[in-house]
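Below is one structure, written out as structure tokens; the observations come after it.
There are 2 protein chains.
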Amino acid sequence: MRIGELARRTNVSERSLRYYEKQGMLTAERTPGGHREYPEAAVDRVIRIQELFAAGLCSEKIVQLLPCMRDTDGGPSVRATPNLVTELTAERARIDRMIADLIRSRDTLDEVIEAARVP
Amino acid sequence: MRIGELARRTNVSERSLRYYEKQGMLTAERTPGGHREYPEAAVDRVIRIQELFAAGLCSEKIVQLLPCMRDTDGGPSVRATPNLVTELTAERARIDRMIADLIRSRDTLDEVIEAARVP
DNA sequence: CTAGAACCTGACACCAATGTCAGATTCAAG
DNA sequence: CTTGAATCTGACATTGGTGTCAGGTTCTAG
């Protein structure tokens, strides 16, 4: 598929898709004229990338991580180096703290919302 | 307490504390010479602010939200307006999605970490 | 009184993903 | 072939919280 369709299906702007490519997180074949041609699996990949961004990983980490992920198409996955594992473990801890924070904030919002609802 | 101690105790830079004040999220008495003097409750407040930032709320929303929060010192809290409640409800939904995303990303990391650990 | 630590304001820089625009090229349908 | 939609590259702007520096003032221990 081409970039327009990928953008529509993933809800990610074309701008961002090109950015992902430049960062090495996403690759595409090219038509003779130079237009990008994506495989079906790109949809899942882009969604994964977005999730990882949302989790606070920078593109550099994601670049390292992606080849180690079991893609939905079951492609062969690279084994993470010990060094990468260390980094990812730290990221995991950070994500845990993030989730805890979010839950506290959600509780705070719930309190305020509830207090406004009931006299 | 003064800004240095507050910064140390909350792990938030003095720079950020001054910024919070300028945005109207944090107030402080002033000494005759102009130095900020914070009450003990400021510690909790700053931590709350950080959590809300981490949850993706912008300072403007936080400004509206703060007076509606039951402070740890049990101060009188303002009732959220219906309009604010609507906005906060949307934020709450966003936080829920965020948590779901984070959990998926954490699972992804776990998979990669586990795959690297076991041959 | 004094020295050094702490604080003040204001300004500029940064980050990293994304938005946006311009001008040129390619694609696909008629 | 033509034409309009889609895509290309490259450049500049934005965002919002934070870092950092400069130059000056205030505080406090001795």
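Quick note, the sequences are listed as chains S and E, same order.
Position one of the first sequence corresponds to residue 1 (our numbering), numbered consecutively onward.
Position one of the second sequence corresponds to residue 1 (our numbering), numbered consecutively onward.
Every residue, glycine too, gets a C-beta built ideally from N, C-alpha and C.
Leaving out the 5 sequence neighbours to the left and right, which residues in its chain are closer than 6 Å to residue i when beta-carbon positions are compared?
i: Leu52 (chain E); result: Ile62
i: Val78 (chain S); result: Pro67 and Cys68
i: Glu29 (chain E); result: Glu37
i: Arg15 (chain E); result: none
i: Met1 (chain S); result: Tyr38
Please look up how many angstroms separate the CB atoms of residue i and residue j, rounded, as I've assumed it's under 8 Å.
i: Thr31 (chain S); j: Glu37 (chain S); result: 6 Å
i: Val112 (chain S); j: Cys58 (chain E); result: Actually they do not touch by this definition, with Cβ atoms about 16 Å apart.
i: Asp101 (chain S); j: Ala54 (chain E); result: 5 Å
i: Met25 (chain E); j: Ile49 (chain E); result: 6 Å
i: Ala80 (chain E); j: Ala93 (chain S); result: Contact doesn't hold; Cβ gap of about 34 Å is too wide.
Along chain E, in chain order, which residues have C-beta atoms closer than 8 Å to that of residue i?
i: Glu136 (chain S); result: The structure shown does not extend to residue 136 (chain S), since chain S spans only 1 to 119, so no value can be given for it.
Show which residues of chain E have a CB atom less than 9 Å away from the CB atom of residue i.
i: Ile95 (chain S); result: Leu102, Ile103, Ser105, Arg106 and Leu109
At 8 Å on the CB atoms, spell out the chain S contacts of residue i, in chain order.
i: Met25 (chain E); result: What Met25 (chain E) touches in chain S: nothing, since even the nearest Cβ is about 14 Å away.
i: Ile99 (chain E); result: Ile99, Leu102, Ile103 and Arg106
Report the neighbours of residue i on chain S: residues whose CB is nearer than 9 Å to its CB, in chain order.
i: Ala116 (chain E); result: Cys68, Arg79, Ala80, Thr81, Pro82, Leu84, Val85 and Leu88
Which residues of chain E have a Cβ atom closer than 7 Å to the Cβ of residue i, listed in chain order?
i: Leu65 (chain S); result: Val112
Residues in the same chain with beta-carbon distance under 7 Å from residue i, minus the five sequence neighbours each way, listed in chain order, please.
i: Thr10 (chain S); result: Val43, Val46 and Ile47
i: Thr86 (chain S); result: none
Below 8 Å CB to CB, which residues in the same chain sit around residue i once its five sequence neighbours on both sides are set aside?
i: Ser13 (chain E); result: Ala7
i: Asp71 (chain S); result: Ala41, Asp44, Arg45 and Ser77
Name the residues in the segment 76-91 of chain E whose C-beta lies less than 9 Å from a C-beta of chain S; which are they? Ser77, Arg79, Ala80, Thr81, Pro82, Leu84, Val85, Leu88, Thr89 and Glu91
Could you pull out every unbroken alpha helix (DSSP H) segment of at least 4 residues lying fully inside the segment 34-90 of chain E, listed in chain order? 42-54 and 59-65
May I ask you to list, following chain order, the residues of the segment 50-61 of chain E that have a beta carbon less than 7 Å from some beta carbon of chain S? Glu51, Leu52, Ala54 and Ala55
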